[in-house]
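Written out below as structure tokens is the structure these notes cover.
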Amino acid sequence: MTETLNQIKAELTAIVANKNQECDRLRQQIESLSKDIKEKEAEKEEAERKTDYKILSEKTEEQWHLKQTQKLLNDKLKKLESTQEITSEECKEYQDRIHAAAREESEKLIEKAKPLYNSLRELSAKSGEIYNQFDEMTRLLTYDIMNTPSIPSPPLDSYRGRSIAGIKDVLDFVQFEELKK
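Here the numbering used here is used: the first residue of the sequence shown is 1, the next is one more, and so on.
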């Protein structure tokens with residue numbers, strides 16, 4: 001996703017740079033037109049002094065066209081300067097691209113997490129089984145201890161291989177032996 005964001009940043013920077021270049025180009029054209037208008041104004045004044053109406057008419061018309069062109073370029077420059085930043089359409093386009101990249105990254109992470117999630121579910125199920133077995137063993141052990149008579153039993157070695165059910169007898173025997181001492 002970082003690559004996508006860097007690419008989008010580079011594209012946006014290029015758009016702003018292009019708009020700045022366009023503004024500079026328009027400013028140069030306007031400056032050039034201003035010089036041309038001044039020249040035509042001087043030629044027009046010279047024609048007025050000579051009272052050559054044909055030349056005067058031509059120069060006035062040329063000057064008018066240049067002023068109109070300058071006005072159009074000024075309007076274009078103002079419009080471009082007012083939208084020099086990224087337009088809302090461009091923002092939406094890049095926002096959509098960012099969201100798509102984030103969605104794609106999320107999907108990749110979800111795919112990576114699925115095996116971990118499945119393993120966690122399996123472990124949870126196994127721990128539930130172990131808990132149930134432990135609970136059952138505790139219940140049986142408690143039942144056996146409660147129902148085992150407390151009488152002295154044979155030595156501890158004889159309990160090898162027997163079930164947990166005889167633990168109470170072993171404890172009673174150990175206590176009995178300690179009391180004898």
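Every residue gets a Cβ at the ideal spot worked out from N, C-alpha and C, and that includes glycine. These numbers come from a predicted model, not from an experiment.
Could you round the C-beta distance between residue 44 and residue 69 to whole angstroms and report it? I think they count as a contact, below 8 Å.
-> Translated into the one-based positions of the sequence shown, residue 44 becomes position 44. Translated into the one-based positions of the sequence shown, residue 69 becomes position 69. Separation of the CB atoms of residue 44 and residue 69 is rounded to 17 Å, and the pair is thereby denied contact status at 8 Å.
Measure the Cβ-Cβ separation of residue 8 and residue 98 and say whether it is below 8 Å.
-> Residue 8 sits at position 8 when you count from the first residue of the sequence shown. Residue 98 sits at position 98 when you count from the first residue of the sequence shown. In contact: residue 8 and residue 98 (Cβ atoms closer than 8 Å).
What separation, rounded to the nearest whole angstrom, lies between the Cα atoms of residue 120 and residue 127?
-> The residue you call residue 120 lines up with position 120 of the sequence shown. The residue you call residue 127 lines up with position 127 of the sequence shown. The straight-line gap separating the alpha-carbon atoms of residue 120 and residue 127 is approximately 10 Å.
Just checking my contact of residue 33 with residue 73 at CB under 8 Å: how many whole Å lie between their CB atoms?
-> Position 33 of the sequence shown, counted from the start, is the residue given in the question as residue 33. Position 73 of the sequence shown, counted from the start, is the residue given in the question as residue 73. Indeed, because the Cβ distance is near 7 Å, the residues count as touching under 8 Å.
Rounded straight-line distance, which links the Cα of residue 63 to that of residue 10 | Counting from one through the sequence shown, the residue named residue 10 turns up at place 10. Counting from one through the sequence shown, the residue named residue 63 turns up at place 63. If you draw a straight line from the Cα of residue 10 to the Cα of residue 63, it comes to about 43 Å.
Buried versus exposed, by CB contacts within 10 Å (16 or more), residue 140 | The residue labelled residue 140 in the question sits at position 140 within the sequence shown. Label assigned to residue 140: exposed.
If you follow the alpha helix (DSSP H) that residue 51 is part of, which residue opens it and which one closes it?
-> Position 51 of the sequence shown, counted from the start, is the residue given in the question as residue 51. Per DSSP, residue 51 belongs to no alpha helix (DSSP H) and is neither H nor E.
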